[in-house]
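J.: Structure incoming, see below.
Number of protein chains: 2
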Amino acid sequence: MGRSRGMAPFVGTTSRGGGMAQSDPLYQRIASDLRDQIRTGAIKAGDRLPTEVELREQYDVSRNTVRLALGVLQNEGMISSTQGKGTVVREQVMLTYHAAWAESRDRHASDQTDAFYAEMRDQGRKGEYRDFEMRIKPATPELAARLHVDEGDSLVSRAISRFVDGQPFSLQDSYYPMDISQECGLLTPHDVPGGVIRALAAKGHTEIGYVDELTTRMPRPDEARKLGLSQGTPVLVYVRTTYSDKRPLRLTLTIFAGDRNRVVYELGDLTAYAENGGAS
Amino acid sequence: MGRSRGMAPFVGTTSRGGGMAQSDPLYQRIASDLRDQIRTGAIKAGDRLPTEVELREQYDVSRNTVRLALGVLQNEGMISSTQGKGTVVREQVMLTYHAAWAESRDRHASDQTDAFYAEMRDQGRKGEYRDFEMRIKPATPELAARLHVDEGDSLVSRAISRFVDGQPFSLQDSYYPMDISQECGLLTPHDVPGGVIRALAAKGHTEIGYVDELTTRMPRPDEARKLGLSQGTPVLVYVRTTYSDKRPLRLTLTIFAGDRNRVVYELGDLTAYAENGGAS
DNA sequence: TAGTGGTCTAGACCACCAC
DNA sequence: TGGTGGTCTAGACCACTAT
Chain G
1 MGRSRGMAPF VGTTSRGGGM AQSDPLYQRI ASDLRDQIRT GAIKAGDRLP TEVELREQYD
61 VSRNTVRLAL GVLQNEGMIS STQGKGTVVR EQVMLTYHAA WAESRDRHAS DQTDAFYAEM
121 RDQGRKGEYR DFEMRIKPAT PELAARLHVD EGDSLVSRAI SRFVDGQPFS LQDSYYPMDI
181 SQECGLLTPH DVPGGVIRAL AAKGHTEIGY VDELTTRMPR PDEARKLGLS QGTPVLVYVR
241 TTYSDKRPLR LTLTIFAGDR NRVVYELGDL TAYAENGGAS
Chain H
1 MGRSRGMAPF VGTTSRGGGM AQSDPLYQRI ASDLRDQIRT GAIKAGDRLP TEVELREQYD
61 VSRNTVRLAL GVLQNEGMIS STQGKGTVVR EQVMLTYHAA WAESRDRHAS DQTDAFYAEM
121 RDQGRKGEYR DFEMRIKPAT PELAARLHVD EGDSLVSRAI SRFVDGQPFS LQDSYYPMDI
181 SQECGLLTPH DVPGGVIRAL AAKGHTEIGY VDELTTRMPR PDEARKLGLS QGTPVLVYVR
241 TTYSDKRPLR LTLTIFAGDR NRVVYELGDL TAYAENGGAS
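Residue numbers (UniProt numbering), protein chains in the order written: chain G, 1 to 280; chain H, 1 to 280.
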């Protein structure tokens, strides 16, 4: 093949402001070139990219090299490929989860779903939950430390998947110490009427403090499947531990699809914020 | 080549609890096999994996297929490869950022660095900051909306990189409206004695409310470089907008390396938490 | 059926690291 | 110097989608 290696297609684009040196690998330069086309709007969100064969001819490289370049952008979450259809630029729709007050709103509560419903309704979306499961699980070291029980002790796990407009949104799993679960009737594979938080409060276990921990990581294969995540989408891991005046009551682990979720805290006096249409 | 395709190496490992079906792609099955070995501790954090050539022989596939499998695990953040050295299982060291009170601690303040120092000292680490930069930047739509200025208006940007024990930790960029910056002396390419927050308060711009937004995404190439992120490491994006009783004062954008950071909020009455050694 | 991306092979040469 | 991962080629066949 008469390749005129590393020339024409890159003219004027390789030595742009932020990045690519002349000596970078071919696939990185192709990735960079496509990234720029997306960033500048030459290829817009939702648009199809050239096919792999077209890119192969356009840049005069092997298909494998084209796929390496597309892989880079896929891992950055910029594009998404589907067999038989093509490769498109991904578009983002962000939903907001108000951590500070999401659970304390006093609505028609039904398990942990009330807050979620209210949030979604406020944002004009249709929230549902699916796949409720109640299980008994042994405490991992992390769970044991946070709930002040011994490692391996039985915990009650109540898990649900949240969907918005038919799309998976987050996976939530709440853990309760066994003694509290028995006292408050959490050992049912159904919704707790009025919600778990009220059931706890009714027996004197009132939640008065929260510790929230937020981290991020790449999803495990089953999480990617359940959340329908495409390559290059991280998850936001949100762990809330709640306390009464005496002890930890509950640990709720939420795995948010990173490309569709934003967690918000509103703290202090936000008069100026609310006045200007901030609080949705 | 006499390949006995898809047999021996997988016996007893392919149809484990959560996952791999017999019909999955070869490279996925190899990835799954290695993932299990890591998960079960057969290969521990810090250990070296077999070389690509060894894996190629072990599974009787082409080297390219081995690399596809390793790519999967790399994108999950489980392993890290270095040219000439090999491939190792990554280990995690998590540091904690206490969002609720990080900025309100009244120590020997020096720009935005006081809170960071205090946090790191509490965790027994050595915090430093590098690469301070003061710039004037036009407001993007996102910045304009949050700071209640017009798009394109000039904003003062004061940026630093945070390092812990010599390792990059997070990138921080604070934006201030131009009128406040002039009034409070923020247009200097140096630290503001006593800290910016005090300088604002001294002129009557006291911060009394915060809105924090947390999202995650894959890093852009320059962020990955500055933070020294390896493949498959997302970033945690933390945006804090602060308010006086009248208006937004400041927007601070922090990009945390996702594999080394945890953001924590402590809310409400946490007597029970503190009593049991919770508050570090 | 034609075209797309998905998987896989069997080589090659290069850059970096430890010895 | 030998071994490692990094890059790249030039094919092949398959699975899925659109028409």
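C-beta atoms are modelled at their ideal positions from N, C-alpha and C, and glycine is treated no differently. Quantities reported herein were computed from a predicted structural model and do not represent experimental measurements.
Check whether the stretch 56–67 of chain G and the stretch 86–99 of chain G touch, using three or more Cβ-Cβ pairs below 8 Å as the test.
T.: no
J.: Does the Cβ of LEU227 of chain H have 16 or more other Cβ atoms within 10 Å, making it buried, or fewer, making it exposed?
T.: Looking up residue 227 of chain H in the second sequence gives position 227. Buried, because 16 or more other Cβ atoms sit within 10 Å of the Cβ of LEU227 of chain H.
J.: Tell me the residue span of the beta strand (DSSP E) that contains THR252 of chain G.
T.: The count along the first sequence starts at 1 and reaches residue 252 of chain G at position 252. 248–257 is the span of the beta strand (DSSP E), which, as asked, contains THR252 of chain G.
J.: Using a beta-carbon distance below 8 Å, is VAL49 of chain H in contact with chain G?
T.: Stepping through the second sequence from its first residue, residue 49 of chain H is reached at position 49. The sequence shown places Leu at residue 49 of chain H, rather than the Val named in the question. No, LEU49 of chain H does not count as interfacial toward chain G.
J.: Can you name the start and end residues of the alpha helix (DSSP H) that ASP33 of chain H belongs to?
T.: Locating residue 33 of chain H in the second sequence gives position 33, counting from the first residue. 26–39 is the extent of the alpha helix (DSSP H) around ASP33 of chain H.
J.: Does the beta-carbon distance from TYR54 of chain H to MET218 of chain G come in below 8 Å?
T.: Indexing the second sequence from 1 puts residue 54 of chain H at position 54. Indexing the first sequence from 1 puts residue 218 of chain G at position 218. Residue 54 of chain H is actually Glu in this sequence, not Tyr. No, they are not a contact pair.
J.: Give the residues of chain H in contact with ARG247 of chain G, contact being defined as C-beta atoms less than 7 Å apart.
T.: One-based indexing of the first sequence puts residue 247 of chain G at position 247. What ARG247 of chain G touches in chain H: ALA272.
J.: Given 8 Å as the limit, is there contact between the stretch 248–267 of chain H and the stretch 206–217 of chain H, that is, 3 or more CB pairs closer than that?
T.: yes
J.: Taking only runs of the alpha helix (DSSP H) that begin and end inside the stretch 205–247 of chain H, which ones reach a length of at least 4 residues, in chain order?
T.: 221–227
J.: So LYS246 of chain G and ALA272 of chain H are supposed to be a Cβ contact under 8 Å. How far apart are they, rounded?
T.: Your numbering for residue 246 of chain G matches position 246 in the first sequence. Your numbering for residue 272 of chain H matches position 272 in the second sequence. Indeed they touch by this definition, with Cβ atoms about 5 Å apart.
J.: Determine whether the Cβ of ARG262 of chain G lies closer than 8 Å to any Cβ atom of chain H.
T.: Position 262 of the first sequence, counted from the first residue, corresponds to residue 262 of chain G. Judged by the 8 Å Cβ criterion, ARG262 of chain G is in contact with chain H.
J.: My output table needs one value for MET134 of chain G: the three-state DSSP class, helix, strand or coil.
T.: Here residue 134 of chain G refers to the residue found at position 134 when the first sequence is read from its first residue. Reduced to three states, the DSSP call for MET134 of chain G is strand.
J.: What are the boundary residues of the alpha helix (DSSP H) that THR65 of chain G is part of?
T.: As a working note, residue 65 of chain G is residue 65 in the first sequence. Residues 63–75.
J.: Return the residue from the list G:LEU73, G:HIS98, G:GLN74 and G:THR51 that minimises the CA-CA distance to GLY84 of chain G.
T.: As a working note, residue 84 of chain G is residue 84 in the first sequence. The candidate whose alpha carbon is nearest that of GLY84 of chain G is G:THR51.
J.: For VAL211 of chain H versus ALA99 of chain H, is the C-beta distance shorter than 8 Å?
T.: Taking the first residue of the second sequence as 1, we reach residue 211 of chain H at position 211. Taking the first residue of the second sequence as 1, we reach residue 99 of chain H at position 99. With respect to ALA99 of chain H, VAL211 of chain H sits apart: the two C-beta atoms are not nearer than 8 Å.
J.: Can you confirm whether GLY268 of chain H, when its beta carbon is compared against all beta carbons of chain G, has any partner nearer than 8 Å?
T.: Counting from one through the second sequence, the residue named residue 268 of chain H turns up at place 268. Using a Cβ-Cβ cut-off of 8 Å, GLY268 of chain H counts as an interface residue toward chain G, since at least one Cβ of chain G sits closer than that to its own.
J.: What residues from the stretch 209–223 of chain G come within 9 Å of chain H, judged by C-beta to C-beta, listed N to C?
T.: Contact residues of the stretch 209–223 of chain G toward chain H are GLY209, TYR210, VAL211, ASP212, GLU213, LEU214, THR215, THR216, ARG217, MET218, PRO219, ARG220, PRO221 and ASP222 (C-beta to C-beta distance below 9 Å).
J.: Can you grab the Cα-Cα spacing for the pair ASP24 of chain H / ALA31 of chain H, in whole Å?
T.: On the second sequence, residue 24 of chain H is found 24 positions in, with the first residue counted as 1. On the second sequence, residue 31 of chain H is found 31 positions in, with the first residue counted as 1. When rounded, the distance between both Cα atoms is 11 Å.
J.: For ALA109 of chain G, which residues from the same chain have a beta carbon less than 8 Å from its beta carbon, with the 5 sequence-adjacent residues on both sides left out?
T.: Translated into positions along the first sequence, residue 109 of chain G becomes position 109. Bear in mind that the predicted position of ALA109 of chain G carries a pLDDT of just 48, short of 50, making it too unreliable to give a figure here.
J.: Can you check which of these residues, H:SER80, H:LEU34, H:TYR243 and H:ARG225, is closest to PRO168 of chain H by C-alpha distance?
T.: Within the second sequence, numbered from 1, the residue matching residue 168 of chain H stands at position 168. The residue with the shortest Cα to Cα distance from PRO168 of chain H is H:ARG225.
J.: Would you mind telling me which residues of chain H sit closer than 9 Å to LEU229 of chain G, beta carbon to beta carbon, in chain order?
T.: Residue numbering aside, residue 229 of chain G sits at position 229 when the first sequence is read from its first letter. Within 9 Å Cβ-Cβ: nothing; LEU229 of chain G doesn't reach chain H, min ~12 Å.
J.: Taking C-beta pairs closer than 8 Å, name the residues in chain G that residue 281 of chain H reaches, listed in chain order.
T.: Summary: the structure shown does not reach residue 281 of chain H, with chain H confined to residues 1 through 280, and so no result is reported for it.
J.: Assuming LEU143 of chain H contacts LEU155 of chain H (C-beta within less than 8 Å), just tell me the rounded distance between them.
T.: Counted from its first residue, the second sequence places residue 143 of chain H at position 143. Counted from its first residue, the second sequence places residue 155 of chain H at position 155. Right, the Cβ-Cβ distance comes to about 6 Å (below 8 Å), so this counts as a contact.
J.: Drop a sphere of 10 angstroms on the beta-carbon of ARG240 of chain H, count the other beta-carbons inside from all chains shown, and report buried for 16 or more, exposed for fewer.
T.: Along the second sequence, read from residue 1 onward, the residue named residue 240 of chain H stands at position 240. It is buried - the Cβ of ARG240 of chain H has at least 16 other Cβ atoms within 10 Å.
J.: List the whole-angstrom C-beta distance separating residue 299 of chain H from VAL149 of chain H, where the pair is believed to meet the contact cut-off of C-beta under 8 Å.
T.: The first residue shown for chain H is 1 and the last is 280, placing residue 299 of chain H beyond what the model contains.
J.: Which same chain residues end up closer than 7 Å to ILE208 of chain G when comparing Cβ atoms and leaving out the 5 residues on each side of it in sequence?
T.: What you label residue 208 of chain G is simply residue 208 of the first sequence in a count that begins at 1. TYR243, SER244 and ASP245, listed in sequence order.
J.: In chain H, what lies closer than 8 Å to SER244 of chain G by C-beta?
T.: Within the first sequence, residue 244 of chain G is the residue found at index 244, counting from 1. Within chain H, the residues near SER244 of chain G are ALA272.
J.: Can you confirm whether ALA100 of chain G, when its beta carbon is compared against all beta carbons of chain H, has any partner nearer than 8 Å?
T.: Along the first sequence, one-based indexing puts residue 100 of chain G at 100. So, interface residue.
J.: Helix or strand or just coil, what does DSSP make of ASP173 of chain G?
T.: The sequence position of residue 173 of chain G within the first sequence is 173, counting from 1. Strand, per DSSP.
J.: Indicate the three-state DSSP secondary structure (helix, strand or coil) for VAL53 of chain G in the structure shown.
T.: Counting from 1 along the first sequence, the entry for residue 53 of chain G is found at position 53. Three-state DSSP puts VAL53 of chain G in a helix.
J.: Output yes or no for whether 8 Å exceeds the beta carbon distance between ASP131 of chain H and SER174 of chain H.
T.: The residue labelled residue 131 of chain H in the question sits at position 131 within the second sequence. The residue labelled residue 174 of chain H in the question sits at position 174 within the second sequence. No, they are not a contact pair.
J.: Please state the DSSP three-state secondary structure of MET7 of chain G.
T.: Here the question's residue 7 of chain G lines up with position 7 in the first sequence. Low per-residue confidence applies at MET7 of chain G: pLDDT is 26, beneath 50, and the placement is therefore not dependable, though the value from the model is reported in the following sentence. Residue state, collapsed to three classes: coil.
J.: Alpha carbon to alpha carbon, how far is LYS203 of chain H from LEU249 of chain H?
T.: As a position in the second sequence, residue 203 of chain H is number 203, starting the count at 1. As a position in the second sequence, residue 249 of chain H is number 249, starting the count at 1. Each residue's Cα considered, the two are about 12 Å apart.
J.: Considering only C-alpha positions, which residue in the set G:GLN28, G:TYR97 and G:LEU70 is nearest to TYR238 of chain G?
T.: On the first sequence, position 238 is the one that residue 238 of chain G refers to. Measuring from the Cα of TYR238 of chain G, the nearest candidate turns out to be G:TYR97.
J.: Nearest CA to the CA of ASP269 of chain G: which residue from H:LEU229, H:THR206, H:GLN231 and H:GLU223?
T.: Working through the first sequence from its first residue, we reach residue 269 of chain G at position 269. When only C-alpha atoms are compared, the closest one is H:THR206.
J.: By the 10 Å Cβ neighbour count, where 16 or more other Cβ atoms means buried, how is PRO234 of chain G classified, buried or exposed?
T.: Locating residue 234 of chain G in the first sequence gives position 234, where the first residue counts as 1. Buried is the call here.
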